[in-house]
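Numbering (this note's numbering), first residue to last: 1 to 198.
Each residue gets a CB set at the ideal place from its N, CA and C atoms; glycine is no exception.
Scroll down for the structure; my scribbles are underneath it.
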Amino acid sequence: MTDDSKPEFCLSRRMAMKGAAVGVIATSFVPSDIVDAATGEADLSREVYPELRIGKASALVEGEPLAFAYPLKQQPNLLVKLGTAARRGVGPDRDIVAYSTLCPHMGGSLRGRYRHDVNALGPCPFHFSTFDLTKGGIPVHAQATQNLPQIVLRLDGDDIVAVGVIGLIYGQRNNLEGGDFAEGAQKPIGSGRRLMRG
Ligand code: FES
């Protein structure tokens with residue numbers, strides 16, 4: 001993980017409905033396109049997301065993002081303590097979140113564009129889209145029509161662990177295809193039989 005403070009993700013309603021249809025069984029996320037839209041069933045022959053420890057909650061400084069790659073090594077993200085409770089936030093204050101830094105509109109890099117005064121990421125350098133990190137990465141300005149993909153986090157004691165992605169990362173047909181896992185990312189034990197949790 002590197003310092004993102006210097007110049008360097010949504011459970012869509014559709015995917016949420018798919019997830020609800022699949023049901024709650026275990027601890028790892030299945031990419032959205034693994035779930036059949038018609039039946040709501042998952043194709044377990046394909047991969048589930050790896051897990052990656054990305055930092056210590058106690059070490060995060062509010063408003064100072066950290067950059068990390070996940071789930072593949074070419075997919076950039078930021079981890080940030082917002083200082084205000086957020087959708088799917090983890091930690092004692094529910095304010096630690098992580099998102100892709102690839103704009104879902106046309107892939108502009110959002111690295112280094114976190115605005116702590118409004119807990120937003122943007123504007124994108126290409127067409128100025130800006131995303132609210134307290135509300136699942138919803139676009140609040142300009143061209144983008146999709147939420148910023150959000151990295152799903154779990155807290156293991158003080159360790160912050162990335163366990164999945166909600167939303168399709170720009171340029172991907174499947175968030176897990178087209179490259180190697182990020183350094184340190186590992187499939188969870190027993191992942192071959194696991195499905196989505198809520
Ligand atoms: S690529 Fe980001 S707004 Fe178009």
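Quiz item: Can we say the region 78-93 touches the region 144-162, given the rule of at least three CB pairs closer than 8 Å?
Solution: They touch, by the three-pair rule.
Quiz item: Just reading off the beta strand (DSSP E) that P76 is part of, what are its end residues?
Solution: Note, P76: beta strand (DSSP E), 76-81.
Exercise. Would you identify the three-state DSSP class for S58, choosing helix, strand or coil?
Key: In the structure shown, S58 falls within a helical segment according to DSSP collapsed to helix, strand and coil.
Quiz item: Would you say A142 touches the ligand FES, meaning its beta carbon is less than 7 Å from a heavy atom?
Solution: Inclusion of A142 in the 7 Å shell around the ligand FES follows from its C-beta lying nearer than that to a non-hydrogen atom of the ligand.
Quiz prompt | Local Cβ density within 10 Å of T101, reported as buried at 16 or more and exposed below that | solution = By the beta-carbon neighbour count (other beta carbons within 10 angstroms, threshold 16), T101 is buried.
Quiz item: Taking Cβ positions, are D147 and G136 nearer each other than 8 Å?
Solution: One point to set straight first is that residue 147 is Asn, not Asp, in the sequence displayed. For N147 and G136, yes; Cβs fall inside 8 Å.
Self-check item: Enclosing beta strand (DSSP E) for A162 [first to last residue]
Solution: That run of the beta strand (DSSP E) goes 159-166.
Practice problem: Output the distance between the C-alpha atoms of G108 and D156, rounded to the nearest integer angstrom. | Solution: C-alpha separation (whole angstroms): 32 Å.
Quiz item: When we look at the beta-carbon of L52 and count the other beta-carbons within 10 Å, is it buried (16 or more) or exposed?
Solution: Per the 10 Å Cβ criterion, buried.
Exercise. Just tell me which of H116, D117, P104, G122 has its CA closest to the CA of L110.
Key: Ranking the options by Cα distance to L110, first place goes to G122.
Exercise. Would you list the residues sitting across from Q150 in a DSSP beta bridge?
Key: DSSP lists Y99, I166 as partners of Q150.
Quiz item: Taking 7 Å as the cut-off, does the CB of G171 come closer than this to any heavy atom belonging to the ligand FES?
Solution: Answer for G171: no, Cβ out of range of the ligand FES.
Practice problem: Please state whether DSSP places Y114 in a helix, a strand or coil. | Solution: Under the three-state reduction of DSSP output, Y114 falls in the strand class.
Exercise. Report back the beta-carbon spacing between K73 and G179 to the nearest angstrom; my notes put them in contact at under 8 Å.
Key: Correct: roughly 6 Å between the Cβ atoms.
Quiz item: What does P139 pair with, by DSSP beta-bridge criteria?
Solution: BP columns for P139 point to F131.
Quiz prompt | Run of the beta strand (DSSP E) containing F126, from where it starts to where it stops | solution = F126 -> no beta strand (DSSP E), and no H or E assigned at all.
Exercise. State yes or no: is the C-beta of H105 within less than 8 Å of the C-beta of Q143?
Key: Yes; because the gap between Cβ atoms is below 8 Å, this pair is in contact.
Quiz item: Excluding sequence positions up to five away, which residues of its chain have a Cβ less than 6 Å from the Cβ of T130?
Solution: So the list reads A120, G122, P123, V140, H141, once near-sequence residues are dropped.
Practice problem: List the whole-angstrom C-beta distance separating Y70 from I166, where the pair is believed to meet the contact cut-off of C-beta under 8 Å. | Solution: 13 Å between Cβ atoms; not a contact.
Quiz item: From R87 to T134, what distance separates their C-alpha atoms?
Solution: If you draw a straight line from the Cα of R87 to the Cα of T134, it is about 6 Å long.
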